[in-house]
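Visitor: Submitted below is the structure of interest, expressed as structure tokens.
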Amino acid sequence: MSGLRPPQGDIGIARVRVGVIVGLLGIFGLLLVALALLARLGLDTARVPQAASAAALGIFVLAAFMSHGRRPADYYVADRDVQPIAGGLASAAGLAGFFVIALIGGATVTGEIMFAWALGALVGLVLLAFLIAPGLRRFGGYTAGDFLAARFGMRGRLATSAVALFASLLILLAALKIAGPLLASLFGLTAEHGLIAAAVLTALTLLPGGFRSVAAAQVAQYLVIALSALAPATYLAVRGDDAGPARIAAGSDPGSLLTQLAAPLASADMSLSALPVLLVAAGLAALAPMLAPVLAAPSGRAARSTMLWTIGLSLLLLAAGVLLAGALAGAVGAEGFEELLADPIAAALSIASLPSVLSGLITAGALAALLATAQASLLSGASSLSHDLWDEMLDRKGPTSRRVFLARLAVAAVAAGAVWLAPSIAMEPPALLLWALAIAAAGNLAPLLLGLWWPRCNETGAAYGATAGFLVAGWG
């Protein structure tokens with residue numbers, strides 16, 4: 066483990082416990098109740114979604130600022146003190162953003178696509194939990210580049226840092242290209258200002274404490290995402306109109322909906338239908354934002370538990386999303402549901418039978434998922450510059466204060482670069498996300514697996530393999 070500093074003991078840096086975040090979410094719930102009462106008393110219904118979303122965004126930033134840090138160990142791996150359930154909540158929140166990008170990113174959504182995404186994500190998390198997470202965490206580095214540098218030399222670090230930077234930047238662009246217009250339409254901003262606002266909100270949750278701040282914000286974001294799916298579904302299921310309950314009960318049957326989603330995949334050619342599943346699985350297992358919670362776990366066993374918690378919590382979010390989709394389908398009918406799939410957020414805000422506070426909650430949940438994904442991607446991309454390239458290749462003896470300052474500077478630089486690039490990229494967000502997964506799978510998965518499980522794998526093979534995979538996926 067040459068070139069790595071030993072883990073530093075905690076020196077009392079402020080951290081946010083899950084209970085404090087739950088308390089903040091309790092305040093958010095009381096605010097939602099107050100907004101619902103004000104809406105009944107005549108408050109402009111257009112202001113209610115704005116207030117609900119603004120309150121949620123404020124809670125995310127507040128949770129991040131209450132978890133600041135002053136050392137590289139805090140900034141990159143949260144002093145390796147992120148417990149499995151907290152790491153699982155953070156990872157599941159970031160993973161939820163992938164599904165939001167796939168659903169409202171402008172591409173045609175089919176049952177086959179969504180089922181392939183879900184199955185691929187599940188397989189990728191299992192692969193990460195059992196084949197990568199324990200060994201990578203036991204090594205004790207700040208990034209996957211630390212492991213590959215010790216295993217294969219500086220060429221291994223350079224190759225994996227390039228893969229992490231490009232893949233993370235593509236995911237960040239995908240999230241911002243949806244979150245920016247959503248903020249613009251919600252708060253009456255221009256498209257450019259909406260994009261800047263999304264990037265600033267993303268960066269604000271990283272600057273105080275790096276991954277420590279991101280983990281705290283993502284725990285809050287997971288709870289908001291879950292609430293945004295369960296509360297509207299519950300309301301629609303119990304509102305008690307004449308035709309609604311029967312339709313909603315039929316549409317909300319998770320088994321029926323999952324069967325419909327899986328039917329196109331089951332009827333397709335297996336060799337073709339397996340390809341998207343394998344792509345998502347391989348990319349997710351090697352994706353730098355998904356490796357960060359693993360490296361922040363207290364031990365190798367805790368790293369595996371973190372991924373298992375991620376699987377369970379992601380399945381809960383998926384079930385909540387299926388229930389919400391069924392409830393909305395029952396509320397708007399078949400034709401209305403087609404419009405809902407075309408533009409879910411705008412359609413949810415215009416559903417007459419849904420109170421404005423719940424419409425705003427759905428919007429807040431979508432923003433929470435997108436920002437959780439953007440935060441993890443921004444941190445991973447910036448870390449590949451500040452830690453893997455600067456700290457470990459150019460300034461190995463730099464003082465702690467300079468390392469943390471440059472880490473924050475890298476966050477600001479990557480966020481600014483994403484804002485500059487986003488308007489000029491014509492690709493739809495789901496295509497950007499798939500491209501990122503392809504780059505991660507082709508460039509990082511083989512070196513990670515072979516480095517952990519095959520002692521005879523050498524520096525030349527790993528470096529050239531990662532470089533070739535990155536070039537083929539990036540420009541092939």
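Using this note's numbering, read the sequence shown as starting at 66 and increasing by one per residue.
Glycine residues also receive a C-beta, built at the ideal position from the N, C-alpha and C atoms.
Assign ILE504 to one of two classes, buried (16 or more other C-beta atoms within 10 Å of its C-beta) or exposed (fewer than that).
Guide: So ILE504 counts as buried.
Visitor: Between which two residues does the alpha helix (DSSP H) carrying PRO354 extend?
Guide: Run containing PRO354: 353-360, per the alpha helix (DSSP H) assignment.
Visitor: Put LYS242 into one of helix, strand or coil per three-state DSSP.
Guide: In this structure, LYS242 counts as helix in the three-state DSSP scheme.
Visitor: For GLU257, count the other beta carbons within 10 Å of its own beta carbon; 16 or more makes it buried, fewer makes it exposed. Which is it?
Guide: By the 10 Å Cβ count, GLU257 comes out exposed.
Visitor: Report buried or exposed for ALA167, applying the criterion of at least 16 other Cβ atoms within 10 angstroms of its Cβ.
Guide: Label assigned to ALA167: buried.
Visitor: Using 8 Å for Cβ pairs, my map puts ARG216 next to GLY365. What's the rounded Cβ distance?
Guide: Actually they do not touch by this definition, with Cβ atoms about 16 Å apart.
Visitor: Please list, in chain order, all residues of the same chain as CYS522 whose beta carbon is under 7 Å from its beta carbon, the five residues on each side excluded.
Guide: Once the five neighbours on either side are set aside, the close Cβ partners of CYS522 are LEU515, GLY516.
Visitor: What three-state label does DSSP hand SER118 in the structure shown?
Guide: Three-state DSSP puts SER118 in a helix.
Visitor: I think GLY446 touches SER233, with their Cβ atoms under 8 Å apart; what is that distance to the nearest whole Å?
Guide: That pair is a contact at about 3 Å.
Visitor: Rounded to whole angstroms, what's the CA-CA distance from PRO354 to SER449? Just pull it up for me.
Guide: Computed Cα separation, rounded: 11 Å.
Visitor: Using the C-alpha atoms, what's the distance from THR299 back to LEU96?
Guide: If you take the alpha carbons of LEU96 and THR299, they lie about 19 Å apart.
Visitor: State the CB to CB distance for the pair ALA263 and LEU254, rounded to an integer number of angstroms; the pair is presumed to be in contact (CB under 8 Å).
Guide: The pair is not a contact, with the Cβ atoms about 10 Å apart (cut-off 8 Å).
Visitor: Should SER336 go down as buried or exposed, given a rule of 16 or more other Cβ atoms within 10 Å for buried?
Guide: Because SER336 carries a pLDDT of 49, less than 50, the predicted location of this residue cannot be relied on, and the following value inherits that uncertainty. The residue is exposed, with fewer than 16 neighbouring Cβ atoms inside 10 Å.
Visitor: What three-state label does DSSP hand TYR140 in the structure shown?
Guide: Helix, per DSSP.
Visitor: Can you round the beta-carbon distance between GLY534 and ALA347 to whole angstroms, since I take them to be within the 8 Å contact cut?
Guide: Going by Cβ atoms, the distance from GLY534 to ALA347 rounds to 11 Å, so no, they are not a contact pair.
Visitor: Can you give me the C-alpha to C-alpha distance between SER118 and VAL279, rounded to a whole angstrom?
Guide: Whole-angstrom Cα-Cα distance: 19 Å.
Visitor: From which residue to which residue does the alpha helix (DSSP H) around THR208 run?
Guide: Careful: THR208 lies outside any alpha helix (DSSP H) and carries neither H nor E.
Visitor: Answer yes or no: do PRO297 and ALA104 have a C-beta to C-beta separation smaller than 9 Å?
Guide: Not closer than 9 Å, so no.
Visitor: Just confirm the distance between the C-beta atoms of ALA194 and ARG369, as a whole number of angstroms; I'd bet it's less than 8 Å.
Guide: Their Cβ separation, rounded to whole angstroms, is 5 Å, which keeps ALA194 and ARG369 in contact under 8 Å.
Visitor: Assuming LEU356 and ALA209 form a contact by the criterion Cβ under 8 Å, report the distance between their Cβ atoms to the nearest whole angstrom.
Guide: Indeed they touch by this definition, with Cβ atoms about 5 Å apart.
Visitor: Would you call LYS242 buried or exposed, if buried means 16 or more other Cβ atoms sit within 10 Å of its Cβ?
Guide: LYS242 comes out buried.
Visitor: Quick check on the burial criterion: 16 or more other C-beta atoms within 10 angstroms. Buried or exposed for ILE92?
Guide: When all chains shown are included, ILE92 counts as exposed.
Visitor: Whole angstroms are fine: how far does the CA of SER451 sit from the CA of ALA143?
Guide: Going by the C-alpha atoms only, they are around 16 Å apart.
Visitor: Taking the alpha-carbon positions, what's the TRP374 to VAL537 distance?
Guide: Looking at the two C-alpha atoms, the distance is approximately 34 Å.
Visitor: What is the DSSP secondary structure of ASN509, reduced to helix, strand or coil?
Guide: Helix, per DSSP.
Visitor: Please classify VAL422 as buried or exposed, where buried requires at least 16 other C-beta atoms within 10 Å of its C-beta.
Guide: Its Cβ being crowded by 16 or more others within 10 Å, VAL422 is buried.
Visitor: Going by C-alpha distance, which of ALA433, ALA429, TYR529, ARG277 is nearest GLY134?
Guide: Checked all of ALA433, ALA429, TYR529, ARG277; the closest Cα to GLY134 is ARG277.
Visitor: With distances taken between CB atoms, is the gap from LEU292 to GLY206 smaller than 9 Å?
Guide: Not a contact, by the Cβ cut-off of 9 Å.
Visitor: Which residues in the same chain have their Cβ closer than 7 Å to the Cβ of SER226, if we skip the five residues on either side of it in sequence?
Guide: Taken in chain order, the residues that qualify are GLY210, SER449, ASP453, LEU454.
Visitor: For a test of the three-state rule: what should DSSP assign to LEU499, helix, strand or coil?
Guide: In this structure, LEU499 counts as helix in the three-state DSSP scheme.
Visitor: Just to confirm the assignment, what range does the alpha helix (DSSP H) spanning LEU432 have?
Guide: Run containing LEU432: 421-448, per the alpha helix (DSSP H) assignment.
Visitor: Using 8 Å for Cβ pairs, my map puts LEU378 next to LEU154. What's the rounded Cβ distance?
Guide: With a Cβ gap of about 6 Å, LEU378 and LEU154 count as contacting.
Visitor: So, is TRP518 buried or exposed, given that buried needs 16 or more other C-beta atoms within 10 angstroms?
Guide: Exposed, because fewer than 16 other Cβ atoms sit within 10 Å of the Cβ of TRP518.
Visitor: From the DSSP output, in three-state form, read off ARG216 for me.
Guide: Reduced to three states, the DSSP call for ARG216 is helix.
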